[in-house]
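2 protein chains.
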Amino acid sequence: MNQSDVSKAGRPRGSSRAMLQEAAAELFLEQTYASTTIEQITRRAGVSRNTFFNYFPAKSDLLWVEVDSWLLALPSALKAALAGGTAQATQPTDAIRHALLALAGGIPAGDVPWALTQTELMGTTLELQASALSRFTTHGAVLTRAVERAAGRQEGDLLAQAFAVAALAASCAAALAWAGAGVARGSLVPFLDAALSPVCDGFRPLLPTR
Amino acid sequence: MNQSDVSKAGRPRGSSRAMLQEAAAELFLEQTYASTTIEQITRRAGVSRNTFFNYFPAKSDLLWVEVDSWLLALPSALKAALAGGTAQATQPTDAIRHALLALAGGIPAGDVPWALTQTELMGTTLELQASALSRFTTHGAVLTRAVERAAGRQEGDLLAQAFAVAALAASCAAALAWAGAGVARGSLVPFLDAALSPVCDGFRPLLPTR
DNA sequence: TGCAATTATTGGGCTCAGCCCAAAAACTAG
DNA sequence: CTAGTTTTTGGGCTGAGCCCAATAATTGCA
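One line per chain: the protein sequences are A and B, in this order. Each residue of the first sequence is one higher than the one before, starting from 1 at the first, in the UniProt record's numbering. Each residue of the second sequence is one higher than the one before, starting from 1 at the first, in the UniProt record's numbering.
Structure follows, in structure tokens:
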């Protein structure tokens, strides 16, 4: 209600968020994510350990800051695609696909999230996919509800849930392949399209427009 | 090489594994998963705290013991389905589907894993799906490699990965809906079939037999 | 019977993430 | 200058997960 924008009173933030991210990025390169402690990060950033938790709920959030910033636009992208916009968005699965592709189009090829670069630390690639999925949870709920609304399904409908989560999983696989493609990876869009289209194809006849 | 079956020498295990599971189940009912400590579990089971880690790598594994036991049969089920068996297993996606359905057929309708019953503790249902996926990682790698082999794809192929992880995600959604269906839930098979079939349909033309 | 070798259990101690709380710091509005 | 607000900080605490060395219990062999 009120915490949006600048609040007028109180002690100003030390603008520490960016500093924490920078310090963490440096340390993740020097050492690894696993062997970097929160205390090291905050010491390098010049703040107290407790201050860290004023900016990030957990250490692992540092791995996903880029992804989180991407997905900030997810609700609006979904809304635009489902509202029909000007294009073909009549079918729910296609609307979801277009929304996700539009999001991917806005992602600079340069900044790959830490979570995708430090693969070796997090075990198998599939384990990382799962970890990514777990991160996508919050935004994924938005996706599920969008599917339910667009297809006229009631809340908790199995087909809607299955499609939403399968689409998310395929997207994660695409992002991982994209990140693993090296410096000349180009845009995420073709990767995402290749992984997402089959899922949409499969669910399209079962999830007609309401 | 040698740790399989009973090892002949050494101090015998206190048969504590089942006791630990029982003690944990009791405490999860009395209190919740979150507010139950490992020390409480081991005290009730009559063993030392350190002994816990001789049987489970982490506390969260207690939530997934049932699932893990189910998925023990995954490799053999995959092998059977891919070897053609007697049935229709010519197509990779169908082979995977049949293997998973066969697995689901062997699951008693009674024992729902803790991870699925303690939903409220773990946040949203989607978050739980993701958590489940993260558990499936180990077995999911098996699935991915099976797809790669059956479809003649090279390791790390995007389509194979996307299909494997999408199928896993849909399976999780199915299991969750099944667990949420209450006492009269019946077999997992129809749930799994409904969620899995569209995924297979979508990928079938793109993943032909090698 | 006794002596290795082997394996499980145990106690002790340690690091680190995450949380809580209360005091102090820095700012704004009156 | 004062009261209210927000952030920072220090202190301390719990609990998971790990490591290590000591001990208990068993088998195989001599």
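Think of the CB as a built atom: it goes at the ideal place given N, C-alpha and C, for glycine as much as any other residue.
Query: Just verifying my parser: in three-state terms, what is the DSSP assignment at serine 15 of chain A?; Result: coil
Query: Note down the Cα distance separating asparagine 2 of chain B from alanine 9 of chain B, rounded to an integer number of angstroms.; Result: Unreliable positioning characterises asparagine 2 of chain B in this predicted model, as indicated by a pLDDT of 37, which lies under 50. The coordinate reading is nonetheless provided below. Between asparagine 2 of chain B and alanine 9 of chain B, the C-alpha separation is close to 12 angstroms.
Query: For the pair the region 11-22 of chain B and the region 48-55 of chain B, tell me if three or more CB-CB distances fall below 8 angstroms.; Result: yes
Query: Count the other CB atoms, across all protein chains shown, that sit within 10 Å of the CB of serine 197 of chain B; report buried if there are 16 or more and exposed otherwise.; Result: buried
Query: Looking at the C-beta of leucine 159 of chain B, does it have a partner C-beta in chain A at a distance below 8 angstroms?; Result: yes
Query: Would leucine 100 of chain A pass as a contact of leucine 159 of chain A if the rule is Cβ separation under 8 angstroms?; Result: no
Query: Within 8 angstroms (strictly less), CB to CB, does phenylalanine 191 of chain B reach chain A?; Result: yes
Query: Do threonine 93 of chain B and leucine 207 of chain B have their beta-carbon atoms positioned less than 8 angstroms apart in this structure?; Result: yes
Query: For serine 4 of chain B, which residues of its own chain have a beta-carbon under 8 angstroms away from its beta-carbon, when the five flanking residues on both sides are left out?; Result: With a pLDDT of 43 at serine 4 of chain B, under the threshold of 50, the modelled position of this residue cannot be trusted, and the question is left open.
Query: Which whole runs of the alpha helix (DSSP H) in the region 36-99 of chain B are 4 residues long or more, in chain order?; Result: 38-45, 49-55, 65-71, 74-82
Query: Under 8 angstroms, Cβ to Cβ, is there at least one residue of chain A near valine 165 of chain B?; Result: yes
Query: Since residue 255 of chain A meets chain B, which of its residues come closer than 7 angstroms, beta carbon to beta carbon?; Result: With chain A running from 1 to 210 in the structure shown, residue 255 of chain A is simply not present.
Query: With a CB to CB cut of under 7 angstroms and the five nearest residues on each side skipped, what residues in its chain are close to leucine 116 of chain A?; Result: Ala175, Leu176, Ala179
Query: Specify, as a first and last residue, the run of the alpha helix (DSSP H) that aspartate 193 of chain B falls within.; Result: 189-203
Query: For a contact defined as C-beta to C-beta under 7 angstroms, what are the partners of alanine 173 of chain B on chain A?; Result: Leu158, Gln161, Ala162, Val165
Query: Tell whether a beta-carbon distance below 8 angstroms holds between alanine 95 of chain B and alanine 141 of chain B.; Result: no
Query: Verify the CB distance criterion: does glycine 202 of chain A have a CB-CB separation below 8 angstroms to chain B?; Result: yes
Query: Measure the alpha-carbon distance for alanine 162 of chain B versus arginine 11 of chain A and round it to whole angstroms.; Result: 48 angstroms
Query: List, in order along the chain, the chain B residues whose C-beta lies closer than 7 angstroms to that of valine 199 of chain A?; Result: Ala166, Val199, Gly202
Query: Alanine 58 of chain B touches chain A at which residues, Cβ-Cβ below 7 angstroms?; Result: Simply none; closest approach about 13 angstroms.
Query: Hey, is leucine 72 of chain A's beta-carbon within less than 8 angstroms of any beta-carbon in chain B?; Result: no
Query: Assign glycine 202 of chain B to buried or exposed, taking buried as 16 or more other Cβ atoms, counted over all protein chains shown, within 10 Å of its Cβ.; Result: buried
Query: In whole angstroms, give me the CA-to-CA distance for glycine 152 of chain B and arginine 210 of chain B.; Result: 5 angstroms
Query: Quick one: grab the DSSP three-state call for valine 142 of chain A.; Result: helix
Query: So, at 7 angstroms on beta carbons, what are the nonlocal neighbours of glutamine 40 of chain B in its own chain, with the 5 sequence-adjacent residues on each side left out?; Result: Leu27
Query: Which residue from A:Thr138, A:Gly106, A:Leu143, A:Gly110 puts its Cα closest to that of glycine 182 of chain A?; Result: A:Gly110
Query: Mind listing the chain B neighbours of alanine 177 of chain A? Cutoff is C-beta to C-beta under 8 angstroms, in chain order.; Result: Gly156, Leu158, Gln161
Query: For glutamine 118 of chain B and alanine 102 of chain B, I'd like the C-alpha separation in whole angstroms.; Result: 26 angstroms
Query: Could you check how far apart the C-beta atoms of alanine 166 of chain B and alanine 170 of chain A are, in whole angstroms? I think they sit under 8 angstroms.; Result: 5 angstroms
Query: With a cut-off of 8 angstroms on the beta carbons, I'd call alanine 164 of chain B and threonine 144 of chain B a contact; round off their distance for me.; Result: 4 angstroms
Query: Evaluate arginine 135 of chain A with the Cβ neighbour count: other Cβ atoms within 10 Å of its Cβ, from every protein chain shown; 16 or more gives buried, anything less gives exposed.; Result: buried
Query: Please report whether the beta-carbon of alanine 104 of chain B lies at a distance below 8 angstroms from any beta-carbon of chain A.; Result: no
Query: Expressed to the nearest angstrom, what Euclidean distance is found between the alpha-carbon atoms of valine 199 of chain B and valine 199 of chain A?; Result: 6 angstroms
Query: Is the beta carbon of isoleucine 107 of chain B less than 8 angstroms from the beta carbon of leucine 188 of chain B?; Result: yes
Query: With DSSP run on the structure shown, which of helix, strand or coil describes glycine 149 of chain A?; Result: One point to set straight first is that residue 149 of chain A is arginine, not glycine, in the sequence displayed. Three-state result, arginine 149 of chain A: helix.
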